[in-house]
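**Student:** Take a look at the following structure, please.
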Amino acid sequence: MRKLWEFMRRCIHALFANQKMPDHMINKQFTRLSSSLRSRSAEESLAIAESLATSRGISRVVDTTWLDRIGIPVYSSIRPDGVKGTLCVHAGKGFTHAEAKIGAYMEAIEFSFATPGRNIADWFLCKPSEILASFKQRIHFSDFCPRVGHRIEHNDDIAVVIGEEIMSNLGRVLVPAELIYLPFFENTGVKLYGTSTNGLASGNTLDEATVHGLAEVMERHVRSFDVIKDHSLLVDLNNAPLKVKAMAKQIESAGLRCYLRYSKNPFGLAYFTGYVLEPDEHNPIAVASGFGFHPIAEIAAVRALAEAVQGRLSHIHGGRDDIIERVKVGAELGRDRELNLIRHLRNMAANPHEKIVFSEVPNVEISSVLQALECLYQGLSRAGINHVVRVPLTEAEYPFQVVKIVVPGAEMYEAELPRLGTRLAKHFQQPKESKNA
Numbered sequence: 013m014r015k016l017w018e019f020m021r022r023c024i025h026a027l028f029a030n031q032k033m034p035d036h037m038i039n040k041q042f043t044r045l046s047s048s049l050r051s052r053s054a055e056e057s058l059a060i061a062e063s064l065a066t067s068r069g070i071s072r073v074v075d076t077t078w079l080d081r082i083g084i085p086v087y088s089s090i091r092p093d094g095v096k097g098t099l100c101v102h103a104g105k106g107f108t109h110a111e112a113k114i115g116a117y118m119e120a121i122e123f124s125f126a127t128p129g130r131n132i133a134d135w136f137l138c139k140p141s142e143i144l145a146s147f148k149q150r151i152h153f154s155d156f157c158p159r160v161g162h163r164i165e166h167n168d169d170i171a172v173v174i175g176e177e178i179m180s181n182l183g184r185v186l187v188p189a190e191l192i193y194l195p196f197f198e199n200t201g202v203k204l205y206g207t208s209t210n211g212l213a214s215g216n217t218l219d220e221a222t223v224h225g226l227a228e229v230m231e232r233h234v235r236s237f238d239v240i241k242d243h244s245l246l247v248d249l250n251n252a253p254l255k256v257k258a259m260a261k262q263i264e265s266a267g268l269r270c271y272l273r274y275s276k277n278p279f280g281l282a283y284f285t286g287y288v289l290e291p292d293e294h295n296p297i298a299v300a301s302g303f304g305f306h307p308i309a310e311i312a313a314v315r316a317l318a319e320a321v322q323g324r325l326s327h328i329h330g331g332r333d334d335i336i337e338r339v340k341v342g343a344e345l346g347r348d349r350e351l352n353l354i355r356h357l358r359n360m361a362a363n364p365h366e367k368i369v370f371s372e373v374p375n376v377e378i379s380s381v382l383q384a385l386e387c388l389y390q391g392l393s394r395a396g397i398n399h400v401v402r403v404p405l406t407e408a409e410y411p412f413q414v415v416k417i418v419v420p421g422a423e424m425y426e427a428e429l430p431r432l433g434t435r436l437a438k439h440f441q442q443p444k445e446s447k448n449a
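If you're matching positions, the sequence shown starts at 13 in our numbering and goes up one per residue.
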C-alpha cells in the first residue's frame with residue numbers, strides 16, 4: 013500500500029510540478045480528442061503547458077473565437093521573443109475550447125524549440141556523400157526535395173543534423189539541417205531547401221509527437237499534388253460523424269458556405285480540404301481553407317474544417333506575420349488577378365461534378381498511439397516510401413516532447429516554397445490521362 017501511494021504521489025507531482033510522468037504509465041493511457049490522439053486529456057496537458065509558458069517565452073493565450081461569427085473555438089498565443097523569420101503569434105483550433113487552447117500553447121512551445129541553439133540538436137558541416145552513406149545508399153539526394161533551380165556539388169559543404177531512422181530501423185542517419193531548424197540564418201553550407209514547419213510537432217510522449225509530425229508530412233505530400241492539379245471529390249456529409257456535421261451546420265448557420273473535399277492518395281488514408289466561403293467574393297476573407305490527414309477519417313475532417321475556421325480568424329486577428337506576407341502577395345498581383353484567383357478557388361471548392369459519401373472515405377479505427385504510428389508506416393509503404401527520420405528537439409525528461417520529422421521521398425511543394433522531388437517531377441511529366449487515373 014505504501015508503494016502504491018508513493019507511485020500515485022509521484023504521478024500527480026509529475027503532472028503539476030513540471031516533471032515528466034513515468035513512461036510506463038503514460039503509454040497505457042489513450043485519449044481520443046476531436047482533432048488528435050493524445051496520451052493525456054486536453055485539460056491535463058493544459059495544466060502542464062501553463063506551467064511551462066513563461067520559460068518558453070509565452071506571455072499570454074487569448075480566446076479569439078468571438079472575433080468571428082462562427083463560434084468554433086480558436087485561441088491565439090503570444091510569444092514576443094520569437095526571432096525574425098519565425099512567428100510571434102500562434103493559433104490553436106479544435107472542437108472544444110480546451111482543445112483549441114492547448115493547441116495554441118503547443119504550437120508556441122514547438123516554435124520555441126525550433127530555433128538553432130534553443131534545442132538539443134546540434135548541426136555541423138559534411139559532404140553530400142556522407143548523408144547518402146548514413147542511409148546505406150538506400151535513398152537519392154533528390155528525395156529531400158530541393159527548391160526548384162537549386163543544386164549541390166559533390167565537394168560542397170552542407171549543414172546536417174543527426175537523426176534516427178525509425179521506420180526501417182537504420183538507426184543514426186544524417187539529414188540536412190535546413191529541414192530541421194526554423195529559421196536557420198547560421199547556415200554556412202549550401203542552401204537547398206529553405207526552412208519550414210513541416211514535420212514540427214509536439215506530444216506528451218515521443219511516439220505521440222512522432223504521429224503528429226509524420227501525419228503532417230504525409231498531409232503536405234498529398235497537398236503538393238493537389239496544388240499542381242486538384243482532383244478532389246466533394247464529400248456528401250449526410251452520413252458523416254455527428255461532430256463533422258455539427259461543425260458544418262455551425263459554419264452555415266453563420267451565413268457562410270461550408271464544403272469538405274476528399275483527395276484520393278497513395279497512402280490509402282483520409283485526407284480532406286475544408287473550405288469556408290463568404291457569400292460575396294469581394295469580401296476580404298472570401299475563401300478560407302484548411303487541411304486534415306489522419307487514419308481516423310473523423311479526426312481528419314474535424315482538423316480540416318477547424319483549420320479553415322482558424323484561417324479566417326488569423327486574418328481577422330491580424331497578428332501573424334505570414335498573413336501580412338500573403339496580403340502583400342495579393343497586392344502585387346493586382347485586384348483583378350486576385351479576384352480571378354478567388355473565383356477559381358471558390359468554384360473548385362463547390363464543384364459538384366464528382367462526389368463521395370463520407371462513409372466511403374478510408375477509415376481506420378485506432379486504439380493506441382503506437383497503432384496509429386504503425387498505420388502511418390503502412391500508408392508510407394503503400395506509396396513506396398520506406399524511411400522516416402526523427403530528430404528530437406527536447407531532452408527526454410522534458411514534460412512534452414518536441415520533434416522534427418523528415419521523410420525522404422515525401423513531397424513538399426508550395427507556391428511560396430517550390431520544392432520538387434522525384435515523385436512530383438514524374439507527375440509533371442505524365443500525360444494528362446494517366447494523372448487522372
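We treat Cβ as the ideally placed atom computed from N, Cα and C, and that holds for glycine.
Small disclaimer: the values here were computed from a predicted structure and weren't measured.
(1) Can you tell me whether DSSP reads residue 207 as helix, strand or coil?
(2) Distance, Cα to Cα, residue 199 vs residue 230?
(3) Spell out the partners DSSP gives residue 287 in its beta bridges.
(4) Are three or more beta carbon pairs between the segment 137–157 and the segment 79–91 nearer than 8 Å?
(5) Could you tell me if residue 132 is buried or exposed, where buried requires 16 or more neighbouring beta carbons within 10 angstroms of its beta carbon?
(6) Would you mind reading off the limits of the alpha helix (DSSP H) that contains residue 150?
(7) Measuring straight from C-alpha to C-alpha, what distance separates residue 367 and residue 167?
(8) Tell me the DSSP bridge mates of residue 248?
(9) What's the gap between the Cα of residue 188 and the Cα of residue 160?
(10) What does a CB cutoff of less than 7 Å around residue 192 pick up in its chain, not counting 5 residues either side in sequence?
(11) Do you know whose CA, among 390, 42, 45 and 57, lies nearest residue 413's CA?
(12) Roughly how many angstroms separate the alpha carbons of residue 44 and residue 50, rounded to a whole number?
(13) I'd like the ranges of any alpha helix (DSSP H) spanning at least 4 consecutive residues and lying wholly in the segment 78–154.
(14) For residue 177, write down the residues that DSSP places opposite it in a beta bridge.
(15) From residue 117 to residue 442, what distance separates their C-alpha atoms?
(16) Is DSSP giving residue 202 helix, strand or coil here?
(17) Check whether the segment 64–75 touches the segment 246–253, counting contact only when three or more Cβ pairs, one atom from each stretch, lie closer than 8 Å.
(18) Using only CA atoms, which one of 156, 284 and 408 lies nearest to residue 317?
(19) Can you list, in chain order, the residues of its chain with a C-beta nearer than 8 Å to that of residue 303? Leave out the 5 residues immediately preceding and following it.
(20) Since residue 280 sits in a beta bridge, which residues does DSSP pair it with?
(21) What is the rounded straight-line gap between the Cα of residue 424 and the Cα of residue 207?
(22) For residue 81, collect the residues of the same chain with a Cβ closer than 6 Å to its Cβ; drop the 5 residues on either side in sequence, then sort them by chain order.
(23) Taking only three categories from DSSP, how would you classify residue 306?
(24) Straight-line CA distance for residue 219 to residue 351?
(25) According to DSSP, is residue 192 part of a helix, a strand, or is it coil?
(26) Flag this pair as touching only if the segment 365–384 and the segment 289–298 have three or more C-beta atom pairs under 8 Å; answer yes or no.
(27) Taking residue 322 as the reference, which of 107, 246 and 243 has the closest Cα?
(28) Just the Cα atoms here: how many angstroms apart are residue 329 and residue 144?
(29) Helix, strand or coil for residue 413, going by three-state DSSP, please let me know.
(30) Looking at the strands, I want to know which residues DSSP matches up with residue 170.
(31) For residue 178, collect the residues of the same chain with a Cβ closer than 6 Å to its Cβ; drop the 5 residues on either side in sequence, then sort them by chain order.
(32) Just verifying my parser: in three-state terms, what is the DSSP assignment at residue 434?
(33) Under three-state DSSP, which class holds residue 37?
(34) At which residues does the alpha helix (DSSP H) containing residue 361 begin and terminate?
(35) Return the CA-CA distance between residue 431 and residue 157, expressed in angstroms with no decimal places.
(36) Residue 411 and residue 155 - do their beta-carbons sit closer together than 8 Å?
**Tutor:** A quick look at the data gives this:
(1) Here residue 207 sits in coil by DSSP.
(2) Going from the Cα of residue 199 to the Cα of residue 230 covers about 27 Å.
(3) The bridge partners DSSP lists for residue 287 are 271 and 301.
(4) No: fewer than three Cβ pairs fall under 8 Å.
(5) Exposed, because fewer than 16 other Cβ atoms sit within 10 Å of the Cβ of residue 132.
(6) No alpha helix (DSSP H) holds residue 150; DSSP gives it neither H nor E.
(7) Those two C-alpha atoms are separated by around 52 Å.
(8) Beta-bridge partners assigned by DSSP to residue 248: 369.
(9) The straight-line gap from Cα to Cα measures roughly 17 Å.
(10) Around residue 192: 133, 173, 403 and 416.
(11) Shortest Cα-Cα distance from residue 413 to any of 390, 42, 45 and 57 involves 57.
(12) If I take the Cα positions, the gap works out to 6 Å.
(13) Contiguous alpha helix (DSSP H) elements confined to the segment 78–154 occur at 109–126 and 140–146, taking only those with 4 or more residues.
(14) Bridge partners of residue 177 according to DSSP: 183 and 401.
(15) Taking the straight line from one Cα to the other gives about 43 Å.
(16) Note: residue 202 maps to coil in three-state DSSP.
(17) Under the Cβ criterion (8 Å, minimum of three pairs), the segment 64–75 does not count as touching the segment 246–253.
(18) Answer by Cα proximity: 284.
(19) Contacts found: 231, 235, 283, 284, 285, 286, 315, 316 and 319.
(20) The bridge partners DSSP lists for residue 280 come to none.
(21) Their backbone Cα atoms lie some 11 Å apart in a straight line.
(22) Closer than 6 Å at the Cβ level, and outside the excluded window around residue 81, lie 266.
(23) It is a strand residue.
(24) Rounded to the nearest angstrom, the two C-alpha atoms are 44 Å apart.
(25) In the structure shown, residue 192 sits in coil (DSSP, three-state: anything other than H, G, I, E or B).
(26) Below 8 Å, too few C-beta pairs join the segment 365–384 and the segment 289–298 to call them touching: fewer than three.
(27) It is 107 whose Cα lies nearest to the Cα of residue 322.
(28) Taking the straight line from one Cα to the other gives about 45 Å.
(29) Residue 413 falls in the strand class under three-state DSSP.
(30) 138.
(31) For residue 178, where only same-chain residues beyond five positions count, the Cβ hits under 6 Å are 400 and 402.
(32) Helix.
(33) Here residue 37 scores only 41 on pLDDT, less than 50, and its place in the model is too uncertain to base an answer on.
(34) 347–362 is the extent of the alpha helix (DSSP H) around residue 361.
(35) A straight line joining the alpha-carbon of residue 431 with that of residue 157 spans about 5 Å.
(36) No, the pair does not count as a contact, with Cβ atoms beyond the cut-off.
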